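So the sequence lines, in the order shown, correspond to chains A, B, C and D.
The numbering of the first sequence is my numbering, which starts it at 231 and goes up by one.
The numbering of the second sequence is my numbering, which starts it at 28 and goes up by one.
The numbering of the third sequence is my numbering, which starts it at 31 and goes up by one.
The numbering of the fourth sequence is my numbering, which starts it at -12 and goes up by one.
Note that the Cβ used here is the ideal one computed from N, Cα and C, for glycine as well.
A quick note: this is a predicted structure, and the numbers were derived from the prediction, not measured.
Only one structure is covered here, and it is reproduced in the block below.
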Amino acid sequence: MSTIEQSPPAPGGGTPPPAPGAAPARRRGGAAGDVLWTVVPYAASVLLAFVVGGVVIAAMGYSATDALRAVLTSSFESRFGMVETLHKWVPIVLCAYAFALPLATGKFNIGAEGQLLLGATGGAAIGITFSDLPAILLLPATLVAGVLAGALWAGIAAVLLVRFRVNEVLSTVLLNFVSFKVIDWVATKVWPDAGAGHPATTPVGEGARLPLIGEAPGLHSGVLLVVALAIFIAVGMRFTPTGFEMRAVGANPRASLVNGVRTTRLAGAGLVLGGAAAGLAGAIDVAGLHGRMLEGMQSNFLILGIIVGLMARGSMLALPFVAFGIAVLEFGAGTMQLVAAVPVEMVLVIEALILLFLLLSDLARNRLRGAA
Amino acid sequence: MTATPRLEMTEVVKTFGPVRALDAVSLEVGAREVHGLLGGNGAGKTTLMNVLFGLYRADSGAVRIDGREVTITSPRDAIELGVGMVHQTFLQVDTYTVIENVVLGTTLEGGSHRGGLAAARAKIAEISDRFGLDVDPDAVVEELPVGVRQRVEIIKALYRGASVLILDEPTTNLTPQEVDALFASLRTMVAEGMSVILITHKIRETLAVCDRMTVMRDGARVQTLERTETDAEHLAAIMVGESHGTYQAPTVTEAVALGTAPAGTVVGETPAGKVFEPGVSIAGVTVRNDHDVDLVVGFDLEVGRGEVVGFAGVAGNGQVELAEALAGVRPLRSGTISVGDMVLSGRPTAQWLDAGVAYVPEDRHRDGILPTSGITENLILGSHRSARVRRGGLIDWRAARQRAEEAIAKFAIRADSPATRAGDLSGGNIQRVILARAFAHEPRLLILHNPTRGLDIGSTRFVYEQIRAATAGGCSVVVISEDLDEVIAISDRVIALYHGSQAGEWRSDQVDPYEVGRRMTGLGTPVGGTA
Amino acid sequence: MTEFLTLVVPMWVVFTLAAQGTILSGRAGVFNVTQEGVMALGASVGSVVAYKMGSNLGGLLVAFAVGALVGLVLTYMTTQLRMDQFVVGLALFFAATGAAGLLYREVIGVTMTPPKIDTLAKIDIPVLSDIPVIGEPLFRQDYVFFFVVLLSVAMYWFMQRTSAGLDFRSVGENPKAADSLGINVTLARTWSTVVGSGLVAVAGAYFPLHFTGIFTDGMIAGRGWLVIALAFLGGWRPLYVVAGAAFFAGMDVLGQKAQVIGLGIPHQFIEMLPFVATLLVMVFAFRWARQPAHLGLNYDRESRLAG
Amino acid sequence: GGSADGGDDGADKVAGIFSGPVTDADLNALGLDALKAAEKDGASVSYAESVAVPDIEGKLRQYVSSGYTVVWTHGSQFYDATAKVAKENPDVNFIAEFDGVPEDQPENLWVIDRNFHTVFYPLGVLAANLSSTGKVGYLGGLSLPFSYAEVHALEQGIEDSGKDADLKPVWTGDFNDTVKATQFTSQLLSGGNDVIVSSLNLGVVGAFEAMKGTEAGENWITVKYTDKSANDPEHYAATVLYDFAKPLMAILDEIESGTTTGVYVMGFGKGADVSIGDNVPTEAKEAAEQAVADVESGATEVELDQSEVK
Ligand SMILES: Nc1ncnc2c1ncn2[C@@H]1O[C@H](COP(=O)(O)OP(=O)(O)OP(=O)(O)O)[C@@H](O)[C@H]1O
Ligand SMILES: Nc1ncnc2c1ncn2[C@@H]1O[C@H](COP(=O)(O)OP(=O)(O)OP(=O)(O)O)[C@@H](O)[C@H]1O
Ligand SMILES: [Mg+2]
Ligand SMILES: [Mg+2]
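Shown next, in the form of C-alpha cells:
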C-alpha cells in the first residue's frame, strides 16, 4: 500500500486544460437581427396563408381580393375597427395567459373558458347585487370578484392535481362543461333577464361598468388595465424568483425540487394564476362590453388563447403581440363575411391556414438560423 | 492484423452545424478483438459509434464489415449487420420488464406471443450464464439498480446476435468485482469470435482487457496501438499529450483519474494523525426509498470540518436515498441532521441550501439541470433567492450572466455562450455546470454522488483539486461513488455501504480495495474503523 | 333496464369509437386533439356521401378516409416537420370544423326540405337477441356497434398480447429506445394516427347515420373534447376506455332521465352530473390513469432534448 | 362594403343578422327567404349568419358603418344590442324581435313580436285530443321566458280542450343539438308521452329520428317554423308555420312611408299559421282548427305568462 508524494498543483492552480476546441462565446444576430428574424417569417407566412386561402375562396366563387383585404385591413381602417379589435384582444390575451402561466410549470390548462365564465358570473353577481354602489367601490369589487371566481374554479383543478394527482387536462376540460351548466342556471334561474331572449343575467349596475374612452363606440378602459398587466407579467416572469421558479419547474421538476423549489405547490399556483387571468377576462367583458353575464360570451377564446400561448413559446413578452395579431385576424375574418359574403366557415379555414403557415415559418427560421 | 478486419471505418466525417465532430476518422477492429476507444470529453468517441450504429448519419466516409462495404442508415441496418451498442445513457422502456426490453423490436420465434416469450426467456437465461450476466427476466427495469440495467443493455445486444459489440463508458457504474466480471464476459465473447469496442476514460481498464486501442482527440484519431507495444505512462502521454503542453510525469491525481495508479493510492497527506473539529452530525437517520421501503435505517455519522468521507458501494444500496437525505431533498422518517450547530432536518430544502449544503446528484440529466434553459439560469438555480443574485426584489440577470461567463472560463465548460441550452451540452460539460453551481455555493457540507463519472482526466483532476480547496476552507465533504479508486484516493475515511448500512469503515491509507469490494457486496463481517 | 341500456348503447358507440381512435395514436406518442373537428367533418362527409351515394356504408368509409387524411397531415407535420402536436392539432380542428360546414353548404345548400338518409338498420343476432334484459339492446344493433366491440377487443389483443403491440407501445414510452432497437418510430406514429383519426371521423359519421339522419351544424356539441377526457379517464387502455365510455354514456342518459321524471332540482344541475361524477371517479383513478411517457412529444433522433 | 355596390342608390340597403347558418332549413332559412323577398322588391340585401350574441353589437356597427339603411336582427336574443345601437345611430332604421312589448323602444326601431304563445295554444288542444295516454311532452331548447310562455299556453289549450292530459316539459339545453333532441325524445316516448310538442330549431330533426320505428298513428310530433312533415309523414302532426317575409315587407313599407317605429305582432294571418298533417284524425284536426278560429275571432284570449315552469 503506497503513498506517493503530492506534486505541486499544476501552474494556473485549479484550471483544467481548456476543453478541446472550446468555441469562443459568440451570439447570433443582435437585437435588430432578432427582430428581423422574428418579423419577416411571420409576415411571409401570413402572406402565404392568404395566397392559399385566396385560391380556396376564389375556387368557391367569391372575390378573394375583397375577402383578404377585409381580413388584413379592416382593423386599421376605422376607429371602430381598432376599438373592436382591442376589445377582442383583451379576452384573447388573458386566456393566453390562462394557458401560458400554468404551461410555464409544465401544466396544461384547457379550462380557460370555464374560468372566464365563472369570472363573468362572479363579476355579474357583485355588479347586480350591489348595483347601486358608487363606481369607486363597485367596479373594483366586480373585477376582483371575477378574478377570485376564476382562480377558485381553476383551484378545483389545482387541488385535484396536487392532492389526488388528477390529470389537469381532464379536470379542466370537464370543468368547462360544468361551468356551462352553472352559468345557464345563473342566467335562467338566478338573475334571468326576461326580455333578453337568450340566457343572460339582468344588467349590472352603472357603477360596475368600465369607463369608456373617446366618443361612441368607446374603448373600454379594461384595455389599459390589461396592457399594464401584460407588462407586469412579462417583468414578473423574467425577473422575480417566483417567475424563475415557475419556468424552472416547467423545464425540469426534479432538478427544481433538488434545488429547493416547492414544485407541486408552484404547479398548483400556476393553474390558479391562470384561472385568475381568465376570470379577469370574464369580469372585464361584463364590466366593459356586455354589461351582464351572457351565455356564449366565452366565444372561441379558449382555443385562441391556447394557440397564442403556444405560438409565443413561453415568452411573456411576445404573447401580447401575438394575441394582437390573432385579434386583428378574428375581427378581419368577421368583416370578410360581410364584405365578400364569404360563408362563415371560411373564416375558420383561413385561420387554420394562417396558423399552420406561422408554424412552418418559424420552422423555416430555425433551419435558416441553424445554417447561418 | 493480417486477415481482413471484422470492421473498417474509413475517413468518417460528421459535422453538427458549425461543429466538426468527426474529422476523417478511421478505425479498424479485428475479429476476436477487444478494441479500446479512448479520449477526452467531446473527443468524438460516442459520435463515431453513433454513426456506426446508424443513429447519426455521417457526412462522408465508408464502413466495411468483413471487407464488404455497407451502408448503415438506421439502427435496424446496424442490428441486421450484427452491430450492437450499449449506450452511455440506457435506452430502456422503464415500465417494461427485463425480458420485454430485451425482445423489443425482434420478431419472436414460435407462433404465439407467450410462446415466443418463453423461447426468449430460455435464450436470455442461456446468454446470462454463458457470459455471467445474471438478471431477473421478469423484473421491471425502472426498479433495477444501475449496475443491473447495465447488464440488461448488454444482454439486449447479445440477444440480437451482435458480432460487433460497442460499449460506451460501461464501467462507470460497476464495482471492481463487476468490472472484472464484465471484462471476463468480454473475453469470453471475443473468444467465441465476437469483436468488442470499449469506450472508456480509464487506462488501467483498457490495459486490462483490450488487445488494441485507438486514442481520439478533438474529433480526430491520434493513434492506434497494440496492447503489447504500450503501457500506462505511454498511453497517458498520448491522451493528455498535446492538450496541455509537453507531457510531464502524471501527478498522483492524474494517475488515479487515468486509472494508472496502483490500487489503493491515496491523494495528499495520509489521514494518519489528522484531527477534525466536529462539522456535520447525522444521528439515527431513517429514510425510505421510492417504493416506501425503509432502506436506510438508523444511520449515524460524524463528518469533521475539512474531512472527506467516502462511501463505496454497489448502486442501489441506499446511496441515492442517503445522498438526498443529506441534501435535505428526501424527508427523514426519523433522526436528525445538523450542520455546525444548526439542526436542518425537518426544514424545507431551500433552507438547507441557505445553510450551505451543496449537492451534486448522480443523475445529472434528471436531477441536475434545466435542459431547455441556458447555462446562466442553471448556475443560479438554487441560489436564485439568495442575496448574491438579487438586486431589490428582482434577479440581476446581467450579474448572473457575468458570473456564468466566469464559471464557463474557470471550469472550461464547452459552450457557445452562457445562453447555450444545458441540454445541448455533453454529459461531462453538464457535470461541469453542476459542479460550478455547487462550488459557487461556498458550501459547508458538500455531497458529491459520482462526481467524476464520465469526466476526462483534466476535469477529474480539477474536481479533486476543488474538493481539496473546499476542505481547506473547512467544508465537510461526503463523496458517494461507485468508482472505488476514486473513493479511496480522495477520502480520509472510507465506508462500505451495503443495504443502506455501514458494512465496514477504514482509514483510507489502510484500505484493501478487494476487502472493500467484498464488504460492499455483503460478504465478510463488518469491522470497525481501524485505530 | 332494457330501455336504459337501449338508450345508453348508441352514445357508448360514439364515445368508445372516438376514444379508441384517440388512444391508438396516443400509445405511439401522438396526442391528437382534432376530435371535435374531425368528428364534425366525419358527420358532414358521412351524411352527404350517404345521401348522394344512397349507401350508408359508403358514407362511413369515405368519412374514415377523410379522417385518415387529416391524421396523415397531423403526423406529417409533427413527425417530419416536427411542428408542435398541440398547435397543429388545434389548427386542424379549426380547418376540419370549417370544412364540415362548407362541404354541406356546397353540396346541399339552402333548402327547406333537408336531405334525410335512412339511418343504419339493426342486425338481429338470432338466439342471443332473445336473452331477457340485455338481449335486445346488446344483440339487436347496427353493424357499427358490433364493429366497435370487435375493434376494442382487437386493440386490447394487439397492444397487450402481441410482440408487435409491445414494440408499438414502446414508441410512446421511449421512442429513442425503440429507435435504437430498429423500431420505426415514424411509421408507428403515422399509421396509428391515420387509422385512429379515421376512427374518430367514423364516430362523427355515426351521429347522422344513427341519431339524426342528417348533418346539422355544431352537432358534435363539445363531445369531441369529452373524448380526450375519456382517453385520460381510461388511462389510454382499450378496455378501460370501453368501461369509461359506458360510464360517460350512462351518466348522460341518467341525467336526461332524471329531468324527464322531473326531480325538484333545476335541470342544469342534473346535466352536470356526468362531468362531476367523472371528476370524482378520477380522484380514485390515479392507480390506472397513467399516460404514455412521451405523449405529445415529438421525436428527433439527433437531438438530446426530445429523447 | 362589397355587396353594397350592387344596390342602386334610391333603394334601401337591408341587412339581416342571423343566429345560425342559413342552411338550417329552419329559423335562419326563413330569415334568408324574407331578405330574398325584400330583394325582389328592389332593395339590395346582405346578411351575416351564425352570429353569436356576444358579437352582435360589433356586427350591427359594422353594417351601420358600411352604410346600410335598414338592419334587421333575427331573434329576440339580439333585441337589447339592437336597441342600444339604434339609440347611437338615429338616422339608421332597425328591426328587432321581441317577445311582448319592450320599454323605451327607440324612435328608429321596429319590433316584431313573434307571439309564440298565441300560436302554440291550438297545439295544446290538438295534443290533448291526439294523446291516448293522456301524457304530452314539450321538448324545448333553452329554458327561456318565451319557452315558458309556450308551455303555459299549451297548458291552457289542454285545459280548454276538456280532455285530461298533463304536460311534461323538458329542455335539451340547446335548440340545435340534434343528438340531445333524439335522446330526450326517446326518453319522453319511453315515459309514455305519445305526443311531443317540439320547440327547437335544428334539433327537431333528431326528435323525428327518435319517432322512427314506433307505431304510426300512435305517437305524434309537432314542429315549429317550417313544415317538416317530409321527415316522417306518419308521425308528423302539425307545424306552427312562420313566414318572416310578411312582417319584414310590411315594416319596410312603413319605413318607406316614414313610420320608423312600432310593433308588428305576428299571429294567424300575420305571418304565423298552424298547418295540420293529413294523417291526423279528423276530430282532433277539427278541434285544433276550431281553436285557431276562436283565437282569431278573439273568442279565446291566450294569456301571456312567462313565469318560470318548475
Ligand atoms: N447530437 C449532437 N449534436 C451536435 N453536436 C454533437 C452531437 N453529438 C456530438 N456532437 C459533437 O461531437 C463532438 C464529440 O462528441 P462525442 O459525444 O463523440 O464525445 P465523446 O468522445 O463521446 O466524449 P465522452 O468520452 O465524454 O463520451 C462534441 O464535441 C460535439 O461538438
Ligand atoms: N443534440 C445536441 N445538440 C447540440 N449539441 C450537442 C447535442 N448532442 C451533443 N452535443 C454536443 O456534443 C458534445 C458531446 O456530446 P456527448 O455527450 O456525446 O459527448 P461526450 O463526449 O459524451 O461528453 P461527456 O464525455 O462530457 O459526457 C457536447 O459538447 C455537446 O455540446
Ligand atoms: Mg460519449
Ligand atoms: Mg460522455
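- Message: Measuring only the C-alpha atoms, how far is I474/B from A350/B?
- Response: Their Cα atoms are separated by approximately 7 Å.
- Excluding the 5 residues preceding and the 5 following E35/B in the sequence, name in chain order all residues of the same chain whose CB lies nearer than 6 Å to its CB. E55, R91
- How many Å lie between K41/B and G66/B at the Cα? 17 Å
- From the DSSP output, read off the bridge partner residues of L333/A. Per DSSP, none; premise fails for L333/A.
- Query: Can you name, in chain order, every residue of its own chain whose Cβ lies under 7 Å from the Cβ of D214/D, other than the five neighbours on each side?
  - Reply: T226, L228, S262
- Message: So within the segment 442 to 477 of chain A, which uninterrupted alpha helix (DSSP H) runs reach at least 4 residues, ignoring any that extend past its ends?
- Response: 452 to 469
- Item | Cβ shell of K318/A (< 8 Å), same chain only, five flanking positions each side left out | A557, E560, F561
- Query: In three-state DSSP terms, what is P277/B?
  - Reply: Model confidence at P277/B stands at a pLDDT of 46, short of 50, so the residue's coordinates are unreliable and nothing is read from them.
- Query: Using 8 Å as the Cβ pair cut-off and three pairs as the minimum, do the segment 347 to 354 of chain A and the segment 407 to 415 of chain A touch?
  - Reply: yes
- Are there 16 or more other CB atoms within 10 angstroms of the CB of T105/D, so buried, or fewer, so exposed? buried
- Expected contact under 8 Å - CB spacing of L540/A and V117/C to nearest Å: Right, their Cβ atoms sit about 5 Å apart.
- Message: Classify H240/C: buried if its beta carbon has 16 or more other beta carbons within 10 angstroms, exposed otherwise.
- Response: buried
- Task: Determine the contact status of P332/A and F531/A, defining contact as a CB-CB distance below 8 Å.
- Result: No, they are not a contact pair.
- DSSP state of G188/B mapped onto helix, strand, coil: In the structure shown, G188/B sits in coil (DSSP, three-state: anything other than H, G, I, E or B).
- Message: For Q340/C, report the span of its beta strand (DSSP E) as first-last.
- Response: Nothing in the structure corresponds to residue 340/C, since chain C is present only between 31 and 337.
- Task: Thinking T46/C and T169/D are a contact (beta carbons under 8 Å), I'd like their distance in whole angstroms, please.
- Result: Between T169/D and T46/C the Cβ distance is about 18 Å, and since that is not below 8 Å, they are no contact.
- Message: Considering Cα atoms alone, identify which of T60/D, S118/D, A194/D is closest to G128/D.
- Response: A194/D
- Query: Going straight from the alpha carbon of L269/C to that of E33/C, what length do you get?
  - Reply: 24 Å
- Message: Less than 8 Å between CB atoms is the rule here; does K411/A satisfy it with respect to chain C?
- Response: Chain C, which has a Cβ nearer than 8 Å to the Cβ of K411/A, makes this yes.
- Task: With 7 Å as the C-beta to C-beta threshold (strictly closer), list the residues of the segment 173 to 196 of chain D near chain C in chain order.
- Result: Those residues of the segment 173 to 196 of chain D that come within reach of chain C (Cβ to Cβ, closer than 7 Å) are S173, Q174, L175, S177, G178, L189, V192, G193, E196.
- For the beta strand (DSSP E) containing S365/B, list its first residue and its last residue. 361 to 366
- Span separating the alpha-carbon of H324/C from that of F466/B: 35 Å
- On the premise that F85/D lies in contact with V98/D, defined as a C-beta separation below 8 Å, what is that separation, rounded to the nearest angstrom? 5 Å
- For K318/A, the three-state DSSP class (helix, strand or coil): helix
- Message: Residues of chain B with CB closer than 9 Å to the CB of P471/A, please, in chain order.
- Response: H411, R412, V416, R417, G420, L421, I422
- Buried or exposed: W187/C, going by 16 or more other Cβ atoms within 10 Å of its Cβ? When all chains shown are included, W187/C counts as exposed.
- Euclidean distance between Cα positions of I422/B and A499/A: 20 Å
- Task: Count the other C-beta atoms from every protein chain shown that fall within 10 angstroms of the C-beta of R257/A, then say buried if there are 16 or more, exposed otherwise.
- Result: Unreliable positioning characterises R257/A in this predicted model, as indicated by a pLDDT of 38, which lies under 50. The coordinate reading is nonetheless provided below. Classification of R257/A: exposed, given that the 10 Å Cβ count is below 16.
- Any Cβ of chain A within less than 8 Å of the Cβ of Y123/B? no
- Item | Residue interval of the beta strand (DSSP E) (run including E55/B) | 46 to 56
- Query: Is the segment 71 to 84 of chain C close to the segment 200 to 209 of chain C, with three or more CB pairs under 8 Å?
  - Reply: no
- Message: Against chain B, does N62/C count as a neighbour if the rule is that its beta carbon must be under 8 Å from one of theirs?
- Response: Taking 8 Å as the CB threshold, N62/C stays off the interface with chain B.
- Length of the line joining the Cα atoms of M243/B and R57/C: 41 Å
- Task: Check the Cβ of L19/D against every Cβ in chain C and list those closer than 7 Å, keeping chain order.
- Result: Within chain C, the residues near L19/D are V140.
- Task: Work out the CA separation of T127/C and R299/A for me, nearest whole Å.
- Result: 24 Å
- Grab me the residues of L91/C's own chain with a C-beta within less than 8 Å of its C-beta, minus the 5 sequence neighbours each way, in chain order. none
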